[in-house]
Every structure is written in C-alpha cells, then in structure tokens.
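Engineer:
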Amino acid sequence: MELPAELLTRAHYWMRLTRALDERGAFLHKQSKIVGGYFSQIGHEAISVAAGLALGPDDVAAPMHRDLGTYLVRGLHPRRILAQFLGRATGVSRGRDANLHGMGDLSLGLIGFISHLPASTGVIAGVAHAFKLKGEPRVAMAFFGDGGASQGLAHEALNWASVFQLPMVVICENNQYAYSTPLARQMRIEHIADRAAGYGIPGVIVDGNDFCAVYQAVTQAVERARAGGGPTLIECKTMRMRGHAIHDNMAYVPKDLLETWAQRDPIARIEAVLRERGLLDDAALAALLERIDHELDEAQAYAEASPYPDPSEVTQGVYAD
Amino acid sequence: MELPAELLTRAHYWMRLTRALDERGAFLHKQSKIVGGYFSQIGHEAISVAAGLALGPDDVAAPMHRDLGTYLVRGLHPRRILAQFLGRATGVSRGRDANLHGMGDLSLGLIGFISHLPASTGVIAGVAHAFKLKGEPRVAMAFFGDGGASQGLAHEALNWASVFQLPMVVICENNQYAYSTPLARQMRIEHIADRAAGYGIPGVIVDGNDFCAVYQAVTQAVERARAGGGPTLIECKTMRMRGHAIHDNMAYVPKDLLETWAQRDPIARIEAVLRERGLLDDAALAALLERIDHELDEAQAYAEASPYPDPSEVTQGVYAD
Amino acid sequence: MTWDANLHTGVTTLAETGDAPPGAIRELTYLEAIREALRYELQRDPAVLLLGEDIGVYGGAFKVTQGLIEEFGEQRVIDTPMTELAMIYAAIGMSFQGFRPVVEMQFADFISTGFDAIVQFAATNHYRWGQAAPITIRAPGAGGLRAGPFHSQSNEAWFVHTPGLKVVAPATPADAWGLLISAIRDPNPVIYYETKYLYRSLKGPVAGGETGLVPLGRAALRREGEELSIITYGAMVHEALAVAADLERAGHSIEVLDLRTLKPLDEAAILATAHKTGKVLIVHEANRTCGVGAEVAALIAEQAFDALDGPITRVAGPDTPVPYSPPLEDAHRPDAVKIRAAAQRLLEF
Amino acid sequence: MTWDANLHTGVTTLAETGDAPPGAIRELTYLEAIREALRYELQRDPAVLLLGEDIGVYGGAFKVTQGLIEEFGEQRVIDTPMTELAMIYAAIGMSFQGFRPVVEMQFADFISTGFDAIVQFAATNHYRWGQAAPITIRAPGAGGLRAGPFHSQSNEAWFVHTPGLKVVAPATPADAWGLLISAIRDPNPVIYYETKYLYRSLKGPVAGGETGLVPLGRAALRREGEELSIITYGAMVHEALAVAADLERAGHSIEVLDLRTLKPLDEAAILATAHKTGKVLIVHEANRTCGVGAEVAALIAEQAFDALDGPITRVAGPDTPVPYSPPLEDAHRPDAVKIRAAAQRLLEF
Ligand SMILES: Cc1ncc(C[n+]2csc(CCOP(=O)(O)OP(=O)(O)O)c2C)c(N)n1
Ligand SMILES: Cc1ncc(C[n+]2csc(CCOP(=O)(O)OP(=O)(O)O)c2C)c(N)n1
Ligand SMILES: [Mg+2]
Ligand SMILES: [Mg+2]
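Residue numbers (the working numbering), protein chains in the order written: chain A, 1 to 321; chain B, 322 to 642; chain C, 643 to 991; chain D, 992 to 1340.
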C-alpha cells in the first residue's frame, strides 16, 4: 500500500527536524552548555516519527530516551526541549529532570520518562486500562529497547495488557545494543517479537529504518487496539548509530556493522522514496533544512535566553495540593 | 519406556509419605498446635517426588510451598519438618520461619524459600551459574506456579539461564489457580511452557499427576542440563486439590473441576501402575500406610517433645560471623 | 461468589445499600471500617477503583473487600494477576487518566516487589513534570499473628524516607475510616498501613459520612498527661494506652500521642507534647534502626532540645526479621510490659 | 576491547601485574582505589567474581572495572543482561556455592529494581536457616554531577533500616580500598556506596596489601576538636573538613567523625564524640527524613543525653528528588556554606 504524499512529506519534515534537533543537542553538549549526559537517537527517526504519526490526538505515548521524534510529532516544541536540555525554568521539567527524562505533558498525551527501564511499559498499561474502563476509543503506546526487554516489568506489563485485552501498542526498539551489551548477550533469541506468543498477542517484526513499514505496522496495531482487539508487540529492527550516550565512543561495536546500517539510514530511505515519487528534489531539501535550521536557531535562542529556575523553589512541587 | 520397579516402589513410598505428612500437618493445625497458616499440597505429590528423585545427591533444589515431597526425597526428616511446623527449636529454621518457608539446608541441597514468589527461580539461576563456572556436573532446580509465572522475576531468571546456558531445570506447577485466581485471569495463553520459546529453550508439557511422565520429562531435562545443554522449562499440569491455605474453602472453584481432577489423583495413578505390574496389593499397601503412620507418630512425638526456641536468642544469628 | 457468576457492573447508590445516615455513629471493627470507607468512596466517586490479587471474587486474603465486587462490579473491583510491579505502575497510569485507584497489597511484605513503581515513579512525577499520581496503596502490615518473617513486616520507614509519598497508619476504626477516605482523595500517592492484628480484635465508633474524615498530617492526642509522652502509632497505640492507664494507678500522668500520619509527620504535635512533658518515649513495631522513631527522636532533639528532661527513648522491634515461633515473636514485638519498663526508667530519670 | 576479542580466562598472579609490594603506599584516585581493591581480591581469592551491566568489555559505565575482564577473563568478570533483580538473586545463589560475587549497580539509583532480592532474600537467609550470603553490591551514588533525579540518589537509608544487611560508604581512597576488601570478605550481604563525585576528583594514599584493610563497623575520626562534632560520611566528609579548617581560622575547634560504615553504626565512636564536644552536627546528602542522620541523632539523644550542650542539628538533602538544573542542585546539596551556617548557629547556642 502506498502512503499518501502529504503524510510522507510531513514525516520527512519530522524526521529531519528530529535529527537536526538531536545534532543541535550534541553540539550544545560539546560547547558545555548542556551539562551531564546527552543521548543521541540517530538511526531511530523512522520509528519514533512513524509511531508518533500513527497515533491520534487523544492517544497517549510514553516515549523513552531515543524517541525524540515522538515528542516532536506530538507537539512538544523544540523550544521547550532545548530549554529542558539546558536546565532552564522554561524546559519541560522546569529544570528538575535531565535530558529526555521527565519530558511529560499530558495535555500533549506525553508521559515523562524515568530512567528505570522499561517503566513506560508499566504506566502505559495503566493508561490503556483507563481507556478501556472508560470505554473511550483511545490507544496508549509504550516503547522499550532490547535491553529493557530483559526486565521483569516488560513481562509483567505485556501479560497485564493481554489479560485485560487493553488498547495498547508496544514498540520494541531493537537497536542491537543496550549500552555496550550486544543482543546476543542480552537474550538467546533472534526476534524479541517471538515473545508475544507467550502472551497470546500478535508479535510483528518490522524494518525499523523504513518509515513506511513502521508506519503501516503501527497503524494496523493502533487500529486493532482501538477496535478492541487488544495489545500488539511490534519489534522494530534498527541500529543505534551513536554511543549509548555522548561520552561513549562505541569501541565495542564492530565497524562493519555500523557501515552496514549506515547504508540503511532511515532519512536517506524516506528521501529516496520521496524523490522517486517526485515529492522531493535538491532545492526542496535545501529549503527544508534551512527552515529547520531557522526553527532551531529560534528555539535555541529562546532556550538560552530563558532563566534558570529560582533556587529558592527547590523544595516546591514535591506534592500536589 | 517402563520405569524400574524399584524406582516406582520408592516413589510410591515418598508420595504416600508426602500425603500423610501433609494430612498430619492439617490435623495439627486443626488441633491448634500449628498456629498461623498451613499450606496443603494434595495433588502435587507426583511432581514434587518425581522432581526430587530425578536429581542426584549433589544437585540443588529450591522447592516452594507445595513441594513437600521434594524436601522429603532430598532427605529432610519428617521430624525436622513437623518441628518446623510447630515452631520448635529443632525445626529446620529453629522457629524463625513459618510452615514451609525457610526450610533450607544446603547439606541436603535444599534452599529455604521466601514468600516472594518466584524467588526460587532467581536464586537457582545463581546456583546453576556457580555449577557452570566451577565446571561441576551438577544441576539446579527451581519451582514456580501459574501465579508466580506472572512475576517479572520468572522472566528475568529464565532469560538469565538461557543467556548463560545454565544447568537449570525449572518446574512450573500449573495447578490452575493462584490463590483464588484462575489461570484464565492470570494469563491469556493455555500453556505456560509456550513461553520457553521466548528464551530459546525447550518447553515441555507434562501430565503433572502422572509420576512416570513427570519423572521421565524431568530426568531428560536434568540429563540435558548436566550435559551442558542448558535450561529446560517443564510445565506440569495439575490441580490444587485443597484451598490456597487451610482457611480457604475454595468456594470459587467449580465443583466439577475438582471432581474431574479427583479422578486423576496422582497416588491412585501410581498405585494402579504398581498393581498392574504386580508390585502392590492391598496387604502391601496397608503395611506401607502403617509403616508411614508409625514414622509420623514418632516424628510428631519428637516434634511435640522438642523445646521452643529460647526467647533470649531472638536477636541472634541475623549476621554470619 | 464464584467466577462463573455474572458480575454486574452497575453502581449502587448510597440509599440502596442501607448505610448509616450521614453523621450517624456506628460500631465497626477496624476491618469493617476499612471496607466501609472503600464502599463509601466507591459509591461517592466513580473514579475510585480497587485493584489487587484476589480482592474481588474471593473478597481479599483478609476479606476486607468482601462483597464489593458484587456491589460495584468487576469494572471497579479488579482482580489482577500476581504482579505487584505492573499493578502499581498500572494504577499510576490509571490515575493519570482521572481514576483514583486503591491498590491492595496482599500483605505489606509484598510491597517490596512493586518498589520501583512507588519510589521511582509514583513519588517523583509531580516534582519532575507536574503530574499528580493520586493512588492509594493499602498495605496490611505488622505482626502478632504468628505469621513469620514474610507476613509480619512493618516496612513503612522505606517510604517515610522517600520524598513524594505520604504514609498513614491508623490505630482505630474511626481513623481507619477517616484516613482511608482522605488518602483516596489526596492528589498524591499514599501508602496506607493497616494493622492486621486489629482487623477483628478492635471495634469502635465510626462517624459516617463526611463528618468522620481525618485529615492527613494530623496526630491525635489519645490521652493527656504531664510527666511523660509516649509517641507511637498502629497497634502500639493500644499497648501505650494500657501502660498509661497502668501507670496512672501507680500515680503517674502519661500522655499518649498517636501519630496517625507518618509522612508528613505532625511536627507541631510532636514538639508540643515534648515541650509539655519533657520526657519522650517512642514506640513502634518496626525495626529500630532508621525507623520512624529515629526521625521523631531526631526532630525533638533538634527542635525541642531545651524542653527535654530525660533521654529520648525508643522501644521498637529489634533489628531482626519477625520470627515465627510464639516465644520468639513475643520477645520481638513491643508490648505493654516492655513499654512499661522503659517508661518506668524514663520516669525515674 | 571489543566483543570479538578472545577473552582469556586465566588468573594472573600478584607478581605479574606489577602491583605495589605489600604495605607500600600508592597515590590513587578514589576510583582507582576501588578498581585496585577489586583486582586485589580477584587475584587473591578465586571465589571472587564481578557481575554487572557493561562491566566487562566496556569496563563499566564509570570505567571502574576497566581492564579487569582482560586480566581475569569473562568467567570472573561477567557482563550480564540488563536485569538487576535476577542479577542479585543470581549473585546470592552463587554465594551459596562458595563464590563471593561483587555486583555493580550501574547507578545506585537502580538498586531499587533489585530491591526484593536484597531486602527479602539476601538479608534474611542467615537468620532463617543459617545460610550466609556473602555478596557485595557496589552502588555508585550521590550527586553533584548534574545527573538529575535518577543518577544522583543517596538511598542508603532503605538498607540501613533493613536487618541482615551491612552498609558502608567510604570517603577516601584508602577507605574505598580497605572497606571494599572487608566487604567482599564479610560473610554477609554488604551494600557498598561509592561516591561518583569523588571518583576522579579525589586522590590519596592507599596502603597496599593487607595493611590497608579497614574493618567494617569502625568510624574514623578525621579531625579532633573540642567545641562541636560534625558526624558525616561520603563526599560530605570533605565539605565538613573544609568547614572545620575554616572555623579554626575563626578560632573554633571542630571535630569531624567519618562514619564509614552506616550499618552497623560505630555507636561507641558516635557517643564518644558527642560526649566530648556536647554539640553535634550531622551532615549527609541523602534526604533528611528518616535518613541515617535521624538514627545517629536518635542514638545520641538516647544514650548521650547528659552530655549535650545544644540541639542535635542535621544538614541534609531536602526531601525532594535531586534536581538537575545547576542552581537547583546546588540549592539541594549540602555544601561547606550550608554546613558552616549550621555549625555557626550551633557554636553560638
Ligand atoms: C533498570 C535499569 N537498569 C539500568 C539502567 C541503565 N541504562 C540506561 S540505558 C541502558 C541500556 C538500555 O538499552 P536498551 O533498552 O536496548 O535501549 P537503548 O539505549 O539501546 O535505546 C542501561 C543499562 C536503566 N536505565 N534502568
Ligand atoms: C510476590 C508475591 N505476591 C503475593 C504473594 C501472596 N501469595 C502467596 S501464594 C499466592 C498464589 C500463588 O499461586 P501459584 O504461583 O500458582 O502457586 P500455588 O499456590 O498455586 O501453588 C499468592 C498470591 C506472594 N507469595 N508473593
Ligand atoms: Mg538497545
Ligand atoms: Mg497455582
């Protein structure tokens, strides 16, 4: 099935924005404007953008540290994201949380993530459960990685979603590594999706660097969930193209593996599709990149001009009242 | 394959002893000599005895609350078990732990269990790991139930055992209920053994009320593990024939389900095999039951004559020195 | 009730269930007070849900929730798989969508299995991204029932130490009722420690309706006195009151403060009683080291230092698991005898 | 090193690795002291194993274990799946078969994911059935590194409260070495809190060989003084020493006690310093309520009451998650300025 031109063009914008924002963050880190850690998501753009686009406005997602695209697609402005990276009062977490942690805003259907992977899978099971109890045609989406797959919570949450037949879509981002740990040391199976059978739910395997494939698989799962068909586990095969975090030089990753996956770059692939369908040429791409650059310049300026949080407020907001 | 007569006869003794000891415990509870909770294992004799007999003397098992037979087969004397039930200083845990909890004795290859199910699966992965690291041809065995199967630890430990290809056998006692929760509310699959595929290990389904079937399946898995072939998950289908614990009247269990399973009583079945093979008749059975009764009378007398722990020792032994 | 029954999902109204009229006082056991508080909130607020292992069809391991699935249906009284971590995470997710889930731990001892969901996630969302997580976790705790190391724990200090949580521990049927309702309505995650020992052994008056509410964060002066303050909570309140009555016969005047809420502590009430009597005895079943009693002592030592006429004394569970055998458990658990001895020493100081 | 390398499994002997001769003193960073202690024990005792996420080929998130897999092989330095709960359970199982596993949590923050294995299982086996569980859990904790709420936690109080565990928190390279070796050799489960902040920022002399051992349960008097005692541990020891030096210039004499072991506490040393100066200031990064400081204060208030000349004062992390943004984290974390202000108030009391 061919995806509509408008969708592809939109997706392309988001994927390019995601990458550019990611690179901007890395640059700010190099400049020591971002202190602490920084996670690059390069290589994950097709997954995070497709997953985000497959959801409706009332759906809820709990993205993790390589799902920058999902945050953007759901409407989190780069201004707030860069201000978050810089620890400013205008950042999503008002300076309380670091890098992509705690970037939640339920008005955008986004849940702020904690480090303890795969927490998103647990909380999303509850969100999906709420939708089901209220009889609302809404879908909840969780993300976890090949590392997160080893955690007990991944198992518990998938089983929970299955027992209660919840409108939940779980995106497993199998990027071959969990920090330095390769897949073969994380588990002794090839496909994480094979675990779906152990919960009596569909397990789908998809090329995570092919926007169209991810979009179609996720859309199908979202429709299924919305129609009362229960949860789906979608394994997206991809590769983490940078280190675990910015300090990590990835010496443990074989060079040829990276080269192989570099050939499959998700942005190059969607651009090839767009060009083939006459939806993109060099001039249009250059214009798009410039537009994005401007957007990010403006966002960065906003973030850098933003104040730090007031230290006298450090104890505020621990409790809701 | 026909099992040797000697083995069957031995197994029959252990199964009868297990049931008689269990009933003795229930009776002592009724007499208020056992305070607190009491767990009956009736229906589980084939599993616990077969699993115990399939192990060698240097192997290690971590049985749980319905595996009385395994404790017995591995050499834990009914004296120490009854003294444990009665909270005496001569009990396995010296009065510190309750009913079947904490009945550990590594000199018998037994690990004392904690309530937090399925802890045994986790610790046994470590024991198996130790065997592998030391290059010893020993096997470690864990037990968990259909309820325990939902816990994250079951997943983590199976994955661990698979990644490190450990000499581990995991017995899943699927007795249809976890406390009041029927299987269909615990998971949306029929066979827990199907989850083995998600770890790349063999999953075996066996009739848990058929001693011979369990013994053969476990023996095969033990041999496989000892030979370096890695872990196996064996699902034994059975039925919990009493309430969760002694206070539970099981109103939630359909009567016909219990009746169906009563027809499959594991002791009746091994006795049918023995009779068929000419290894048992009424007189022999009566003699056996009497012998067991005597053994348990003696054990009970020992337990009841045993002192309570000295309260002044309450803080002793928290730490090893 | 059995699993075959056709569970209805309707919500019954107050009138139908024959409740006491608002404000009327009923005699309820501690357990009944909890159940009635759950019923009251289930009736009042469609956002309230119960989640837990065996809480529906079976009515709960202690039958606290008995009858509620029949009354409110399985959409609101939800039997779950045996999976504490996912359960608490799921409750938080539900709370993000407007529900007020009340999660039952079968025993407080199993709360450690869902620990991450509580201390890392529930406790931090509001501080980090302004999202409230109004869940209540009911934790049947404490000992005295010969239930051994895994069915007798008093592990409240783990959560009292963790910012972002509230912790309560009612000692009477009235507080069991009033604090549970307040916990459910509070926009924060609250751990509600109920004392199994009191379930059926303690009966008392409970004011129905809104009059019986007990605010979080407020201690209760159970008995006024002049010479010494016993500060405690849970089942130990009753031991302390027995000691106070006993010592009164010996001519002493003892004050008993029931903390009721362990986080946030009622600092004003604690400091007031310390100032008043100058002698403080803190009692709890939980292990001594770094228990709630340590915080109460530290608070007084810092902020009521001038008022003290004697060492701040603690009577607590010794630092061991709770043993099973009756003589051992009795040696372990604080009781009137142990409390009286400590009070006597402090009075004579 | 890469995953393709052929990891050898041989054990190198002391002589081969160019270690300092026994007793010789080396200048090591805090991090190097930890690594060298691990190497020393790996060399000395074939039962010692390391387990953790990314500790082998990668050398650990902080490179604490760098080089050890090359030296000791993947049978002894074991890269694990990302699964803290199974990891700690497995370590306990290994310890039952004679091993002495040292488990690295990637950050102390993730210790909650393996909580059950520690507090329910590791902590209770010996009391219940006499089985020792000699495991060591290394927990890189505390803040000051702009790492936010999930990479800055000081959660030691959870374990100090739990019977059956030991907890240590070295503040110097010498103690990092000496306490780690003692922890590994101890027959009980020990949580070893190492302070990330000090990894590379602190260098100091470390006595090699057996002479450098530091026994568990013994505090260290870092500075003698007469007027006021600061009792602390971890990175705060250095802040306290800076304050003491500063106040000396203002004519005050301050004692600094480094607890080093948090469970069991060195009660004698704590009471001795309280008796000596009569004024106690307790400092830690961990959240204030029910922290280790509460226990120290309670202990003193109970057992050194007569000696006190001023309120026992605590300077601790406020009861919030550790925030990320530099001005917020600085406001949160105790430092010399905050400690000095509290000390000044107490001196003037
Ligand atoms: C429970 C837990 N343990 C350890 C960590 C530390 N950690 C952060 S990310 C990571 C690797 C995660 O790998 P994966 O799930 O595959 O996601 P990826 O980073 O590859 O996208 C680890 C070990 C964590 N965040 N949570
Ligand atoms: C982590 C945990 N949660 C709750 C319990 C309380 N509990 C004790 S046994 C049990 C049911 C266990 O069912 P299953 O694993 O099927 O074993 P069975 O009793 O049927 O043999 C429950 C819920 C527990 N022991 N551990
Ligand atoms: Mg990964
Ligand atoms: Mg069962």
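Glycine included, C-beta positions come from ideal geometry on N, C-alpha and C.
These figures come from a predicted structure and were not determined experimentally.
#1: Listed by chain order, which residues have C-beta atoms less than 7 Å from any heavy atom of ligand 4?
#2: Shorter than 8 Å from the beta carbon of Asp-577/B to some beta carbon of chain C?
#3: Along chain C, in chain order, which residues have C-beta atoms closer than 7 Å to that of Glu-156/A?
#4: What residues match up with Tyr-177/A in a beta bridge as DSSP calls it?
#5: Do we get a CB-CB distance below 8 Å when we pair Pro-632/B with the residues of chain C?
#6: Considering only residues of the segment 718-795 of chain C, which uninterrupted beta strand (DSSP E) runs meet the minimum length of 3 residues and lie entirely inside it, listed in chain order?
#7: Going by DSSP in three states, Tyr-334/B sits in which element: helix, strand or coil?
#8: Determine the DSSP secondary structure at Leu-1156/D, reduced to helix, strand or coil.
#9: With a Cβ-Cβ cutoff of 8 Å, do Phe-1053/D and Ile-1083/D count as a contact?
#10: Tell me, to the nearest whole angstrom, how far the beta carbon of Gly-325/A is from that of Thr-121/A; I am working on the premise that it is less than 8 Å.
#11: Establish whether the CB of Thr-654/C and some CB of chain A are separated by less than 8 Å.
#12: Just how far apart, CA to CA, sit Arg-860/C and Glu-937/C?
#13: Tyr-252/A CB to nearest chain D CB: under 8 Å?
#14: Do you know offhand how far Phe-1063/D's Cα is from Asn-480/B's?
#15: Are the beta-carbon atoms belonging to Pro-1317/D and Val-253/A less than 8 Å from one another?
#16: Which residues in chain B sit within 7 Å of Gly-790/C, going by Cβ to Cβ distance?
#17: Quick one: using the 10 Å Cβ neighbour count with 16 as the cut-off for buried, is Gly-1001/D buried or exposed?
#18: Ala-61/A by DSSP, collapsed to three states: which one?
#19: How long is the line joining the alpha carbons of Glu-1217/D and Leu-923/C, rounded to whole angstroms?
#20: Leaving out five residues on either side along the sequence, give the residues of the same chain with a beta carbon under 6 Å from the beta carbon of Ala-916/C.
#21: Please tell me whether Thr-1252/D has its Cβ less than 8 Å away from any Cβ of chain C.
#22: Applying a beta-carbon distance threshold of less than 9 Å, which residues of chain D neighbour Pro-963/C?
#23: Do Ile-833/C and Val-744/C have their C-beta atoms within less than 8 Å of each other?
#24: Tell me which residues of the segment 162-188 of chain A have at least one Cβ-Cβ distance to chain D shorter than 8 Å, keeping chain order.
#25: Does Gly-1084/D get closer than 8 Å to chain B when you measure Cβ to Cβ?
#26: Below 9 Å on C-beta distance, what does Trp-481/B contact in chain E?
#27: At a CB-CB cut-off below 9 Å, which residues of chain C make contact with Pro-1302/D?
#28: Residues in the segment 192-216 of chain A with C-beta within 8 Å of chain B's C-beta atoms, listed in sequence order?
#29: For Tyr-623/B, decide whether its Cβ has a neighbour in chain C, counting only Cβ atoms nearer than 8 Å.
#30: Under 8 Å, Cβ to Cβ, is there at least one residue of chain B near Asp-1036/D?
#31: Nearest CA to the CA of Ile-435/B: which residue from Leu-1232/D, His-1117/D, Ser-1103/D?
#32: Taking Cβ positions, are Ile-1025/D and Leu-1171/D nearer each other than 8 Å?
#33: Drop a sphere of 10 angstroms on the beta-carbon of Gly-135/A, count the other beta-carbons inside from all chains shown, and report buried for 16 or more, exposed for fewer.
#34: Can the beta-carbon of Gly-1225/D be found less than 8 Å from the beta-carbon of Glu-1276/D?
#35: How many angstroms separate the CA atom of Ala-647/C from the CA atom of Val-699/C?
#36: Do you know how far the Cα of Ile-205/A is from the Cα of Glu-235/A?
Structural biologist: In this structure, then:
#1: Cβ-based neighbours of ligand 4 within the cut-off: Gly-466/B, Asp-467/B, Gly-468/B, Glu-494/B, Asn-495/B, Asn-496/B, Gln-497/B, Tyr-498/B, Ala-499/B, Arg-561/B.
#2: Position 256 of the second sequence, counting from 1, holds the residue named residue 577/B. Not one chain C Cβ lies under 8 Å of Asp-577/B.
#3: Residue 156/A sits at position 156 when you count from the first residue of the first sequence. Chain order gives the chain C residues near Glu-156/A as Thr-725, Leu-727, Ala-728, where near means a beta carbon separation below 7 Å.
#4: The residue labelled residue 177/A in the question sits at position 177 within the first sequence. Bridge partners of Tyr-177/A according to DSSP: Pro-182/A.
#5: Within the second sequence, residue 632/B is the residue found at index 311, counting from 1. It does: the Cβ of Pro-632/B has a partner Cβ on chain C nearer than 8 Å.
#6: Runs found: 719-721, 742-746, 778-783.
#7: If you number the second sequence from 1, residue 334/B lands on position 13. Tyr-334/B falls in the helix class under three-state DSSP.
#8: Here the question's residue 1156/D lines up with position 165 in the fourth sequence. Three-state DSSP puts Leu-1156/D in coil, outside helix and strand.
#9: The residue you call residue 1053/D lines up with position 62 of the fourth sequence. The residue you call residue 1083/D lines up with position 92 of the fourth sequence. For Phe-1053/D and Ile-1083/D, no; Cβs fall outside 8 Å.
#10: Residue coverage of chain A in this structure runs from 1 to 321, which leaves residue 325/A outside it and unanswerable.
#11: As a position in the third sequence, residue 654/C is number 12, starting the count at 1. Because Thr-654/C carries a pLDDT of 33, less than 50, the predicted location of this residue cannot be relied on, and no value is offered for it.
#12: Taking the first residue of the third sequence as position 1, residue 860/C is located at position 218. Taking the first residue of the third sequence as position 1, residue 937/C is located at position 295. Rounded to whole angstroms, the separation of the alpha carbons of Glu-937/C and Arg-860/C is 16 Å.
#13: Along the first sequence, one-based indexing puts residue 252/A at 252. For Tyr-252/A, the nearest beta carbon of chain D is closer than 8 Å to its own beta carbon.
#14: Within the fourth sequence, residue 1063/D is the residue found at index 72, counting from 1. Within the second sequence, residue 480/B is the residue found at index 159, counting from 1. If you take the alpha carbons of Phe-1063/D and Asn-480/B, they lie about 25 Å apart.
#15: Translated into the one-based positions of the fourth sequence, residue 1317/D becomes position 326. Translated into the one-based positions of the first sequence, residue 253/A becomes position 253. Result no, Cβ atoms of Pro-1317/D and Val-253/A do not sit closer than 8 Å.
#16: Taking the first residue of the third sequence as position 1, residue 790/C is located at position 148. By Cβ distance, chain B contributes Gly-357, Asp-418, Ala-419, His-422.
#17: On the fourth sequence, position 10 is the one that residue 1001/D refers to. The predicted position of Gly-1001/D is uncertain, since its pLDDT is 38 and thus under 50; no value can be drawn from it.
#18: Walking along the first sequence from the start, residue 61/A turns up at place 61. Note: Ala-61/A maps to strand in three-state DSSP.
#19: Along the fourth sequence, read from residue 1 onward, the residue named residue 1217/D stands at position 226. Along the third sequence, read from residue 1 onward, the residue named residue 923/C stands at position 281. Whole-angstrom Cα-Cα distance: 31 Å.
#20: The residue given as residue 916/C occupies position 274 in the third sequence. Excluding the 5 residues flanking it on each side, Ala-916/C has same chain C-beta neighbours closer than 6 Å at Val-922, Ile-942, Ala-946, Ala-949, in chain order.
#21: Indexing the fourth sequence from 1 puts residue 1252/D at position 261. At a cut-off of 8 Å between C-beta atoms, Thr-1252/D does not count as an interface residue with respect to chain C.
#22: The residue you call residue 963/C lines up with position 321 of the third sequence. Neighbours of Pro-963/C on chain D, chain order: Ala-1114, Thr-1115, Tyr-1118, Arg-1119, Pro-1154, Gly-1155.
#23: Mapped onto the third sequence, residue 833/C falls at position 191. Mapped onto the third sequence, residue 744/C falls at position 102. Annotated as distal: Ile-833/C and Val-744/C, with beta-carbon spacing of 8 Å or more.
#24: Interface annotation for the segment 162-188 of chain A against chain D: Ala-178, Tyr-179, Ser-180, Thr-181, Pro-182, Arg-185, Gln-186, Met-187, criterion Cβ-Cβ distance under 8 Å.
#25: Position 93 of the fourth sequence, counted from the first residue, corresponds to residue 1084/D. At least one beta carbon of chain B lies nearer than 8 Å to the beta carbon of Gly-1084/D.
#26: Among the protein chains of the structure shown, namely A, B, C and D, there is no chain E.
#27: On the fourth sequence, residue 1302/D is found 311 positions in, with the first residue counted as 1. Per Cβ cutoff of 9 Å: Ala-943, Glu-944, Gln-945, Ala-946, Phe-947, Asp-948.
#28: Cβ contacts with chain B come from Asp-194, Arg-195, Ala-197, Gly-198, Tyr-199, Gly-200, Ile-201.
#29: Within the second sequence, numbered from 1, the residue matching residue 623/B stands at position 302. False, the Cβ-Cβ gap to chain C never drops below 8 Å.
#30: Translated into positions along the fourth sequence, residue 1036/D becomes position 45. Residue-level contact check: Asp-1036/D does not touch chain B, since none of the beta carbons of chain B fall below 8 Å from its beta carbon.
#31: Locating residue 435/B in the second sequence gives position 114, where the first residue counts as 1. Closest option to Ile-435/B, Cα to Cα, is His-1117/D.
#32: In the fourth sequence, residue 1025/D corresponds to position 34, counting from 1. In the fourth sequence, residue 1171/D corresponds to position 180, counting from 1. Ile-1025/D places its beta carbon less than 8 Å from that of Leu-1171/D.
#33: Walking along the first sequence from the start, residue 135/A turns up at place 135. Under the 10 Å beta carbon count, Gly-135/A is surrounded by fewer than 16 other beta carbons and is classified as exposed.
#34: Along the fourth sequence, one-based indexing puts residue 1225/D at 234. Along the fourth sequence, one-based indexing puts residue 1276/D at 285. Contact flag set, yes.
#35: Here the question's residue 647/C lines up with position 5 in the third sequence. Here the question's residue 699/C lines up with position 57 in the third sequence. Per-residue confidence for Ala-647/C stands at a pLDDT of 43, beneath the threshold of 50, marking its modelled position as unreliable; the derived number appears in the next sentence. Those two C-alpha atoms are separated by around 9 Å.
#36: Translated into positions along the first sequence, residue 235/A becomes position 235. Translated into positions along the first sequence, residue 205/A becomes position 205. In this structure, the alpha-carbon of Glu-235/A lies about 5 Å from that of Ile-205/A.
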